[in-house]
Every structure is written in structure tokens, then in C-alpha cells.
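Here's the structure we're looking at; comments come further down.
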Amino acid sequence: MNNKEFIAELAQRTGYTQADTQKLVNALIEGMGNSFESGENVAMTGFGTFEVKKRLERVVVNPSTGQRMLVPPKLVLGFKPITALKERLKSGEEGND
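The sequence shown begins at 5 in this note's numbering and counts up one residue at a time.
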């Protein structure tokens, strides 16, 4: 599903226009992005938690040359779904409500 299809489906389910739905989705994404930039986690009830994690500095080896390189520490974004969502995906259950 691409963005256009997602917005159309969401608009149809909520009764808003597609333009209003696009504005709401953009505001949600912008707000989440601001939280991530400040290092905060975002928990969505019934869905899961987006977490900002610090990946530590490490040494990697290029397998073709054997050269060792130092990879600096960085922040990465992770997602941890709720248990019920994981179970639905494992069982192959369709989520078309």
C-alpha cells in the first residue's frame, strides 16, 4: 500500500476528506519526528513503541580486504510491536476490520 492508497483508505474509514486526512497524517509524522529528534520514545496504544536507541561504537572487518574499520556510535530508530500484533502476524490473520 502506498501513501495515496493509505490516505484514501483512512479518509474513507474516518469520514474526513483526503486533504484533511493527509494533513492529519503529516502532523502525526512531524510530531513523531520532533520527539525522535529530542530522544524521546513514542508509544502508541494498541500498536507498539517507537524507540530511539544508541548503537555503540564498534569495529568491523571488510571481508574482501581484511581491513578493520571503526564505526562511530549513532542513534537508530527501533519499533517494538505489542504482543497481540506480533501474534496476529505470526498466525497470518488478516487485519481488515
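Just so you know, even glycine gets a beta-carbon here, dropped at the ideal spot from N, CA and C. Just so you know, these numbers come straight off a predicted model, no measurement behind them.
Cβ shell of residue i (< 8 Å), same chain only, five flanking positions each side left out
| i | result |
| --- | --- |
| E61 | L74, V75, P76, P77 |
Sheet register partners of residue i (DSSP bridge)
| i | result |
| --- | --- |
| M73 | V64 |
| M48 | G52 |
| F40 | Per DSSP, none; premise fails for F40. |
| R92 | BP columns for R92 are empty, so no partner. |
| F10 | In DSSP, F10 forms no bridge with anything. |
| V1 | Because the chain spans 5 through 101 in this model, residue 1 falls outside it and cannot be assessed. |
C-alpha distance - residue i paired with residue j, whole-angstrom precision
| i | j | result |
| --- | --- | --- |
| N7 | G70 | 43 Å |
| S95 | P85 | 15 Å |
| A12 | F54 | 25 Å |
| D101 | R17 | Note that D101 scores a pLDDT of 49, beneath 50, so its modelled location is shaky; the value from the coordinates is reported in the next line. Between D101 and R17, the C-alpha separation is close to 10 Å. |
Expected contact under 8 Å - CB spacing of residue i and residue j to nearest Å
| i | j | result |
| --- | --- | --- |
| K58 | G82 | With a Cβ gap of about 11 Å, K58 and G82 do not count as contacting. |
| S39 | V46 | 5 Å |
Cutoff 6 Å; reference residue i; Cβ partners in own chain excluding five residues on either side
| i | result |
| --- | --- |
| Q26 | I11 |
| L14 | T25 |
Residue i: CB within 8 Å of a non-hydrogen atom of the ligand SAM
| i | result |
| --- | --- |
| L89 | Among the components modelled here there is no ligand, and therefore nothing to report on the ligand SAM. |
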